[in-house]
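Protein chains in written order, with my numbering: chain U, 3 to 378; chain S, 3 to 378; chain D, 3 to 378; chain X, 3 to 378.
No residue lacks a Cβ here, since even glycine has one placed at the ideal position from N, Cα and C.
One structure is given here, and the rest of the page talks about it.
Number of protein chains: 4
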Amino acid sequence: MGMSSTFGKIFSVTTWGESHGPAVGAVLDGCPAGIPLSEADVQAFLDRRRPGQGKLTTARDEKDQVKILSGVFEGKTTGTPISFVVFNEDQRSGDYSDIEKWFRPGHADLCYDIKYGFRDYRGGGRSSARETIGRVAAGVVARKFLQQVAGTEFVSWVQSVGEVECLSVDLDTLDHDMVEASLVRCPDAAASAKMEQEILEAKKNGDSVGGTVGLVVRNVPAGLGEPVFDRLDALLAQAMLSIPACKGFEIGSGFKAARMHGSEHNDEIFFDGKRYRTRTNNAGGSLGGISNGENIVCRMAFKPTATISQEQKTAGRGGENGSLAAKGRHDPCVAVRAPVIVESMAALVLADLFLQQKRNEMYGSPHSFQSFEDDV
Amino acid sequence: MGMSSTFGKIFSVTTWGESHGPAVGAVLDGCPAGIPLSEADVQAFLDRRRPGQGKLTTARDEKDQVKILSGVFEGKTTGTPISFVVFNEDQRSGDYSDIEKWFRPGHADLCYDIKYGFRDYRGGGRSSARETIGRVAAGVVARKFLQQVAGTEFVSWVQSVGEVECLSVDLDTLDHDMVEASLVRCPDAAASAKMEQEILEAKKNGDSVGGTVGLVVRNVPAGLGEPVFDRLDALLAQAMLSIPACKGFEIGSGFKAARMHGSEHNDEIFFDGKRYRTRTNNAGGSLGGISNGENIVCRMAFKPTATISQEQKTAGRGGENGSLAAKGRHDPCVAVRAPVIVESMAALVLADLFLQQKRNEMYGSPHSFQSFEDDV
Amino acid sequence: MGMSSTFGKIFSVTTWGESHGPAVGAVLDGCPAGIPLSEADVQAFLDRRRPGQGKLTTARDEKDQVKILSGVFEGKTTGTPISFVVFNEDQRSGDYSDIEKWFRPGHADLCYDIKYGFRDYRGGGRSSARETIGRVAAGVVARKFLQQVAGTEFVSWVQSVGEVECLSVDLDTLDHDMVEASLVRCPDAAASAKMEQEILEAKKNGDSVGGTVGLVVRNVPAGLGEPVFDRLDALLAQAMLSIPACKGFEIGSGFKAARMHGSEHNDEIFFDGKRYRTRTNNAGGSLGGISNGENIVCRMAFKPTATISQEQKTAGRGGENGSLAAKGRHDPCVAVRAPVIVESMAALVLADLFLQQKRNEMYGSPHSFQSFEDDV
Amino acid sequence: MGMSSTFGKIFSVTTWGESHGPAVGAVLDGCPAGIPLSEADVQAFLDRRRPGQGKLTTARDEKDQVKILSGVFEGKTTGTPISFVVFNEDQRSGDYSDIEKWFRPGHADLCYDIKYGFRDYRGGGRSSARETIGRVAAGVVARKFLQQVAGTEFVSWVQSVGEVECLSVDLDTLDHDMVEASLVRCPDAAASAKMEQEILEAKKNGDSVGGTVGLVVRNVPAGLGEPVFDRLDALLAQAMLSIPACKGFEIGSGFKAARMHGSEHNDEIFFDGKRYRTRTNNAGGSLGGISNGENIVCRMAFKPTATISQEQKTAGRGGENGSLAAKGRHDPCVAVRAPVIVESMAALVLADLFLQQKRNEMYGSPHSFQSFEDDV
């Protein structure tokens, strides 16, 4: 479908590229003119995403050097489409010969074959995590824009791996350094160590393991989100479920809300002299699909990587039933690489909603963009 | 934002209307020509949605009589926009006078005020459940279309209320009659009785209670879903989170997947002589965001109704801090009314993706639309 | 196609309804909150559009009373979708019995049949001019908005009927009263009288006649138009060609430009102390698809009404060849009713582009919105 | 605006790149899987577009070598986004130093400055004809697709230059070879020679000249076009006016229709035993915005190139009034290079409408896609 590779209505990114084609990239259209932007800005975040960084991620070694081919002049965005490209280097297509014939259980291979009649069998194609490079690149522009206009900050971390849960995290102070200090991107050192064990154990067994990822967004202008289908939480849900391997999304109290009474769930509102606040944050920063200025807090479930080296029963392209022990290089726990992607998708959602809200500015109440004015 | 009240790219519905305006409705554009459709078809589903049906829902009494004003001729859709309208009758705006002044905790009042500068304070406005009437009406056309072309069936039910969980449900045989036989729409009779108690207890206390809702879709053609941002599961997540009070979404194994290993999570694929199947369904019918022909299974969390008659601390429009005991008529548990809305949104997602997939038909493999051919 | 009845990306209108169904209408989404709006505001423009006003238009007598069903509260837009409805009254379906069987030459009957497999044969269906009621209604909101923020004015008139050309019109002072003073909507009294003769002659002969329509838009903020596919002139062209019977569009010097040299065509730019102006206006107010602040000037060609009462050879639904003398009530010259529709479509284009441009405001140069600041 | 660089709803192309940036390109999303495609296929059409081919076009010498970076595997489209890139080579930015300071009359320089606050002053930026490279590349896929499914053919030619008109052209047999045989792309040899003179004369005078371009599309399936805003003729008008320097569009009898009576303009319909035809083609292949299976015929006006080397009065960035004699290399007549772009835009419109129409297939009448079945 046209635009199924496009996300966002005003600030909109289109990604392209397959894991084993010559390159991957993205085009960002609708970006305001005048935002300072360099290739180094983008590279810093791509470096957080790229594989080959340690014993916990795939051995595929990609430099992921980004080039900006348009839309930036003398260090600032021009308002025209920004084209990002990253050439693929370490492809080793030979590793993937078996999966031409046998469908990997839990993987999208079969579905791509059914949908399109055939597929690029050399890798994950569009379902590969390499597709997310374009999202991270465009997300950098969204971050810079929101940082500038509202001081908005995005921090994501690994909240659990298998049965191991992160027990302590301070949503008001958590930053990228605290997350990146851990090989599994969990800011709780004790939990981090156990998670690392869990992942190495899975890897040793030719297996993989699932995990959950948390996200906090601070300094969110109030009033963002477009009723009814483009509610802030609805777009965040779409954004997160569009990340490979994501199987669940919750915001604020999430599934716990279903066990609560209104009298305990409702967040008390008060006016602090400058703006409206709530004493608790069960809402997770969104009411009626519109931001209320409190932190956006959500949590995503990632399934274990589908491709494992253990032998599994499956069927082949000709209808034969048999088995497959997948070769190739894969992350034993995709959750570990998800945080920078999660942050990027959230930034894309919010930048777009920020620009959509500008239409109400001229008639806006004194409450409008309260946190924007206060927090910057 | 233009189109924020529009859902779907080909088969697309635009809803309009507030809880206390003269009417609510929807326009469905992009509908194929030739689908049999009558007002009675639509009314049957609106009757499942409407309030005033029993002691568990709001006392507001609305007939919700639908009129079709365009797009149907001699009992069939003409391919042009279908306009549905339902006039509001039992509005009693007087009930809502307090909430002009005080923001209801947990409600969208404050956010609407911040976003638009003012709001129709007589009720929930666009955040009211009455907005979903248009979705249910358009969803009927989606259901009829998918029933005809693929035998697709949508059944949703209440899976939990507070701490009470539905313990037995057969996803292959569950139907609307089994669900509607229960006042709380839970097909497990023992659980249903306990849920009813839970809700009445909350109501008696001037309180409300949360719940979860399940959904199964059967006879789904394989190959539906558009990588990467319009993945089947991403669009379902957006669709569900766009329903008022929904705080979480999971598909297949969902959050449980995060605790599993790949070797247990991956669903074994086999060819049954006619088509590819999986022995288990941890995927919930979607891999890589594309349907694999198995049942779509997902679960949604609904928070407790925000508007309660207990007194709660809150702030007022002028910045004063005080308290509010909301009057008005409200559902003590919104989850109970959610199933028909959940089904409708899922039908809208799938009808749109079905039409999007038609572009690949001419070159499609023999695997394409396998379940379509087999199951009808 | 979903959204083919929707126009505009932020400020977006969806029209619905057929000439012989129960009603026609439109939903306007993405409208800024706070614009003063009443049913009387809308009615004033619908009255300029409606038929039955005189000897030159169809005898169909419709009051075209508009109802606003949502999106307005206490006399102002709320930012939520605005639903307009006009019930059809004087339908006389009986008049149209012949055209169920025979395809009218020059009319869309055959194409609708081919496209959708069948059609509502009682009238023009969606190709009827009654569809434009929704555009005019939504256009009123666009006009009010642009009037308020930039003092923008839209005036359209009949420039020619058959061979009779309007010879004198002052684009800087032309207003609605000067246009409406003429039964054919031509501000040149001498030409107007001849045009009236031309139309009555055609009507007497059971025939129809074509015409051209001019448009001027004054006080247009500079900087509107989105390269490359949503250029101001490209969207105006789409908007105008989407009006029934329109066969051609030109802006500024238009087709004359093709006969000119650059040295005569280029408009000299000068700075008048407050803003940049041009001495001539061959550009018609748009360069590179972006408004330059000068008047937008364009011209549209309308073909003669297809439905005429003279007998014409044609084919029937069963493949038979024969002839048809169409009964029913029709305008002998559609151009005469086009001006208010032309103005409305232009207003919809500009309101949408105005809101799109807001994304560049925060970084905008001192030149931005220059005319906006100067002219209001 | 997001998506203002995107064209098409299902089959949709996004272009990016500036005349003096490192590269230009396009991403084509929504393309059906399975269409044979190679870089050579694309190159053949880019070679028709590229500059430096002769004495009549700009001296800028670009090889315009296209690379396909995604979406094609083993010689066929995979259904995923196709990324095209062409690196800029012969930029000579030095030529453009003057236009940093002085706004070129008739050019988009001033408007870009007003809109975005600043611009890449080294060339035309997004308003440069180099932006159309991406359209031509994507158009090749549209052509191949429509050729395969319906035998559709697109031929465009130069119809006039200045006052010189092409007098003989046979719309049923005209082909690319007949057009390309002429240096000015006019198939009438006598007119071609005069046009060449006209252009060389303008060039010698440091001036430029306008022209018109014709287009015929043959073997168009009937039933394409989406009422009401995505009418076939409305989308063609948008497509054509989006090409740099285009100032007018007409279809079929176009502006001549405004001088005609219905009895002469209406095309007689007859059934030829296999399908419905018309004896004349005043409609230009479109009625009610839907194709009727006859040739699509339209004509576009192109203004003279804005950048000329004659000295012209103009204003500067600082508000000073003065004059400019533009250096740089420019086409003296842009119409000469337009045909391949015109064809490409028409192919993009029709491919998209073809895929949109597929939703009506399942209920379609025997008339549906009549020409599709007959002509292939």
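Cutoff 7 Å; reference residue i; Cβ partners in own chain excluding five residues on either side
i, result
"Asp209/D", "Ile310, Gln312"
"Gly23/S", "Asn90"
Beta-carbon proximity list for residue i, same chain, < 6 Å, skipping 5 on both sides
i, result
"Gln45/D", "Val68"
"Lys315/D", "Ser325"
"Pro229/D", "Gly291"
"Asn323/S", "Ala317"
Residue nearest to residue i in terms of C-alpha spacing, selected from the options
i, options, result
"Ala337/U", "Gly212/U, Leu238/U, Leu217/U, Arg52/U", "Gly212/U"
"Asp111/U", "Val351/S, Ala28/S, Asn294/S, Arg106/S", "Asn294/S"
"Asn297/X", "Thr175/X, Phe273/X, Ala259/X", "Thr175/X"
"Asn90/S", "Ala317/D, Leu71/D, Asp43/D", "Leu71/D"
"Ala195/U", "Val163/U, Asp66/U, Gly287/U, Arg51/U", "Val163/U"
"Phe120/U", "Ser130/U, Ala131/U, Phe105/U, Thr134/U", "Phe105/U"
"Arg50/X", "Lys78/X, Gly216/X, Ile135/X", "Ile135/X"
"Leu243/S", "Val26/S, Ile84/S, Lys103/S, Ala340/S", "Ala340/S"
"Val74/X", "Gly254/X, Glu155/X, Glu41/X", "Glu41/X"
"Ile201/S", "Leu350/S, Cys335/S, Lys11/S", "Cys335/S"
"Ser99/S", "Asp354/S, Lys329/S, Arg301/S", "Lys329/S"
"Met301/U", "Phe257/S, Ala236/S, Leu30/S", "Here the sequence assigns Arg to residue 301/U, which means Met is not the residue at that position. When each option's Cα is compared against that of Arg301/U, the closest is Phe257/S."
"Phe86/S", "Ala28/D, Val138/D, Arg52/D", "Ala28/D"
"Ser170/X", "Cys188/X, Phe156/X, Val157/X", "Cys188/X"
"Asp205/D", "Gly264/X, Gly127/X, Ala239/X", "The residue asked about is misnamed: residue 205/D is Lys in this sequence, not Asp. Measuring from the Cα of Lys205/D, the nearest candidate turns out to be Gly264/X."
Rounded separation between residue i and residue j - CA only
i, j, result
"Gln359/X", "Ser6/D", "12 Å"
"Ala152/S", "Val219/S", "12 Å"
"Ala241/X", "His178/X", "21 Å"
"Asp277/U", "Glu270/U", "This sequence places Arg at residue 277/U; Asp is not what is there. So the two alpha carbons sit approximately 14 Å from each other."
"Glu203/S", "Val222/S", "40 Å"
"Ala145/S", "Gly36/D", "Note on identity: in this sequence residue 145/S is Arg, with Ala being the wrong assignment. Rounded to whole angstroms, Arg145/S to Gly36/D spans 38 Å at the Cα level."
"Phe13/X", "Leu226/X", "14 Å"
"Ala285/U", "Trp18/X", "40 Å"
"Cys33/U", "Pro83/U", "7 Å"
"Gly141/D", "Val88/D", "15 Å"
"Pro38/D", "Ile253/S", "45 Å"
"Ile101/X", "Tyr118/X", "17 Å"
"Ala183/U", "Ala191/U", "9 Å"
"Gly125/U", "Glu133/U", "12 Å"
"Gln372/X", "Asn362/X", "Below a pLDDT of 50, predicted positions are generally treated as unreliable, and Gln372/X, at 40, falls in that range; the measurement from the model is reported next regardless. Approximately 14 Å, taken between the alpha carbons."
Same chain only: Cβ atoms within 8 Å of residue i, ignoring 5 sequence neighbours per side
i, result
"Asp274/U", "none"
"Val378/S", "Bear in mind that a pLDDT of 29 at Val378/S, under 50, signals an unreliable position, so the model cannot answer this."
"Val186/D", "Leu58, Val160, Val163, Ser194, Met197, Glu198, Ile201, Cys335, Val338"
Review point. Along the chain, which unbroken stretches of the beta strand (DSSP E) at least 3 residues long are found entirely within the stretch 229-255 of chain X?
Key: Every unbroken stretch of the beta strand (DSSP E) spanning 3 or more residues and falling wholly within the stretch 229-255 of chain X is given here in chain order: 248-253.
Practice item. Report the residues of the stretch 305-316 of chain U with a CB closer than 9 Å to any CB of chain C, ordered along the chain. Key: Chain labels in this structure do not include chain C; the protein chains are U, S, D and X.
Check your understanding: In chain order, which alpha helix (DSSP H) runs of at least 4 residues are fully inside the stretch 51-83 of chain U?
Key -> Whole alpha helix (DSSP H) segments, 4+ residues: zero.
Exercise for review: Run through the stretch 253-319 of chain U for me and flag every whole beta strand (DSSP E) of 3 or more residues, listed as ranges in chain order.
Suggested key: Counting only runs of 3 or more, we get 271-273, 278-280, 298-304, 314-317.
Review point. Going along the chain, which unbroken runs of the beta strand (DSSP E) with 3 or more residues stay wholly within the stretch 158-231 of chain X?
Key: Within the stretch 158-231 of chain X, the complete beta strand (DSSP E) runs of at least 3 residues are 213-220.
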